[in-house]
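Notes follow once the structure below has been shown.
Residue numbers (full-length UniProt numbering): 1 to 64.
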């Protein structure tokens with residue numbers, strides 16, 4: 001799962017909710033790749049490369 005976090009994600013309630021949801025997803029084998037909106041606006045290519053790299057590693061691991 002890919003999540004884009006805006007500024008509201010840094011409020012205490014949102015941080016708690018995100019942590020619970022991430023833990024739940026992790027227990028079900030779903031990895032959360034988390035980026036800030038600022039990352040998207042200032043480092044878009046690097047974020048895309050990071051996602052692509054993760055997908056390639058995961059795909060290779062599943063094929064082994």
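Ideal Cβ placement from N, Cα and C applies to all residues, glycine included.
Any idea what DSSP makes of residue 46, helix, strand or coil?
Numbered from its first residue, the chain shown carries residue 46 at position 46. Residue 46 falls in the helix class under three-state DSSP.
Counting only runs of 3+ residues fully inside the UniProt domain "DUF559" (2-53), write out the beta strand (DSSP E) ranges in chain order.
Here the runs fully enclosed are 2-5, 33-36.
Whose C-alpha, out of 63, 45, 41, 35, is nearest the C-alpha of residue 10?
Here residue 10 refers to the residue found at position 10 of the chain shown. Answer by Cα proximity: 35.
Please name the residue, chosen from 46, 31, 45, 44, that lies closest to residue 58 on a Cα-to-Cα basis.
For the purposes of this step, residue 58 is identified with residue 58 of the chain shown, where counting begins at 1. Closest option to residue 58, Cα to Cα, is 31.
Tell me which residues share the same chain as residue 7 and place their Cβ nearer than 8 Å to its Cβ, disregarding the 5 neighbours each side in the sequence.
On the chain shown, position 7 is the one that residue 7 refers to. Excluding sequence neighbours, residue 7 sits near 37.
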